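If you want my numbering, it's the position in the sequence shown, counting the first as 1, plus 9. Every residue gets a Cβ at the ideal spot worked out from N, C-alpha and C, and that includes glycine. Owing to the predicted nature of the structure, the values given are computational and were not obtained by experimental measurement.
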Amino acid sequence: MPASAVRPASPRSHLGLACMLAAGALLLAPAIAQAQVSYTAMPLDSGFGPLDTSEPTIPPQQIIDQFTAKESVFRQAMDNYTYERSVKVETLNDDNKVDGQYYEVTDISFDPDGKRMEHVVLAPASTLERVQMSPADFQDIEQRLPFVLTKEDVGQYDLHYVGRQKIDDVDTYVFDVAPKKIEKPHRYFQGRIWVDQHDLQIVVTDGKNVPDDTRKGHEDLSPPFVTYREQIDGKYWFPVYTKGDGILHFSGGHGYLSQDVHIRETLKYTNYKHFNASVRVLFQGQDITNNGQQQPDQKPPQKPQ
């Protein structure tokens, strides 16, 4: 959730969250001291077993080549599914009580011509006061929180093999991921991913979108998040749950008061349905549209309730 800058006469925040002025702050010059970011750690859930740091039986680069190819298949497949997405963004006060909320439920579907469309089915009035949603927030929600690392995009990142780890009943390879370089105006993922050893798709993502924008008058900060995936139709690991939690620190100056804003974000993806059964999904030249059934003894990582 990035946060955009506080601006004179029109303060706003960007989940992309721009911090609003504290009550009584003076609307003086537009200059704002450069913001420093602080955020709460994202503890992993109890389903994560011990990390085995020994070398894998196949070279890490081979694992990367295989799972990024599968991620390209995943991205293609998800473009042919309908689903429902709910988004909840909350600010919390010093007593950890919710003092503002944005909530929206959207159906992602297709029109009769097969064009992808989004239809908001529930959107009560926002009660957020210290922050506001901005276009960059929605870009994070739509594109970056359900992080996908395809063969087309992997060249932008450095991947470091960490080890093997069991998440509930799923055996995974673990990689640390960081952008090789940051080019404006792009944003990137930095953190850790868990790749299912059998299906070679990402099942859990834990990290942060970077870089934060700390320019004066354009503060755009983002907290860390964890995204869980689940196997859909016996072959695709689709995102089902994202949780984000962080304290964003906005520095003051020239009449603006510094402010820490605790943000909590929850996304749920439900009711996945294949839109076009005639679509063929190819992996390494082979049609896998009806293959890859889930193993009977394999269960997805258990997402938080």
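* Asked: Apart from the five residues just before and just after S81, which ones in its own chain have a Cβ nearer than 7 Å to its Cβ?
  -> T159, K160 and E161
* Close beta carbons around F76, own chain, < 6 Å, minus the five adjacent residues each side -> V204 and L209
* To do: Identify the continuous alpha helix (DSSP H) that holds A318 and give its terminal residues.
  => An answer regarding residue 318 cannot be provided, because it is not within the stretch 10 to 314 covered by the chain.
* To do: Flag this pair as touching only if the segment 235-253 and the segment 83-91 have three or more C-beta atom pairs under 8 Å; answer yes or no.
  => yes
* Asked: Where do the N-terminal and C-terminal ends of the beta strand (DSSP E) with P188 fall, by residue?
  -> V179 to P188
* Asked: Do D254 and R273 have their C-beta atoms within less than 7 Å of each other?
  -> yes
* Any idea what DSSP makes of E80, helix, strand or coil? -> helix
* Chain-order list of residues whose beta-carbon lies under 6 Å from that of G172 (same chain, five-residue window excluded) -> L60, D61, T62 and V183
* Can you list, in chain order, the residues of its chain whose CB lies under 8 Å from that of D269, leaving out five sequence neighbours each side? -> S47, I256, L257, H258 and F259
* Asked: Under a Cβ-count criterion, where at least 16 other Cβ atoms within 10 Å of its own Cβ denotes burial, should G33 be classed as buried or exposed?
  -> Caution applies to G33, whose pLDDT of 29 falls short of 50 and renders its modelled position unreliable; the model cannot decide the point.
* To do: Check each candidate in P155, N280 and V130 and name the one with the smallest Cα separation from I211.
  => P155
* **Limits of the unbroken beta strand (DSSP E) element including H258** => Y245 to F259
* Run through DSSP, which three-state label would Q75 get? -> helix
* Please work out which residues of its chain come closer than 6 Å, Cβ to Cβ, to P248, disregarding the five sequence neighbours upstream and downstream, and give them in chain order. => P155, T236, R238 and Y278
* To do: Enumerate in chain order the residues of its own chain whose CB-to-CB distance from T135 is below 6 Å, with the five nearest sequence positions on each side excluded.
  => One point to set straight first is that residue 135 is Ser, not Thr, in the sequence displayed. Contacts found: Y111.
* Asked: Of the residues H271, N280 and F284, which one's Cα is nearest the Cα of Q104?
  -> The sequence given here has Asp at residue 104, not Gln. That would be H271, whose Cα lies nearest to the Cα of D104.
* Does DSSP put E151 in a helix, a strand or coil? -> helix
* **Residue(s) in a DSSP beta bridge with H271** => L101 and I256
* What is the rounded straight-line gap between the Cα of A187 and the Cα of S143? -> 26 Å
* **Rounded straight-line distance, which links the Cα of N102 to that of G123** => 45 Å
* Buried or exposed: D146, going by 16 or more other Cβ atoms within 10 Å of its Cβ? -> buried
* Asked: With 16 as the cutoff for other CB atoms within 10 Å, does G200 come out buried or exposed?
  -> buried
* 7 Å CB neighbourhood of P69 in its chain, flanking five on each side removed -> Y170
* Asked: Within 7 Å (strictly less), CB to CB, does R153 reach chain B?
  -> In the structure shown, chain B does not exist; there is a single protein chain.
* What three-state label does DSSP hand N280 in the structure shown? -> strand
* Cβ neighbours of K252 in the same chain (closer than 6 Å, five flanking residues each side left out) -> V235 and T275
* So who's on the other strand from F198, going by DSSP bridges? -> N218
* Does the beta-carbon distance from S99 to V107 come in below 7 Å? -> A small correction: the amino acid at residue 99 is Glu; Ser does not occupy that position in the sequence shown. Against a cut-off of 7 Å, the Cβ pair of V107 and E99 comes out as a contact.
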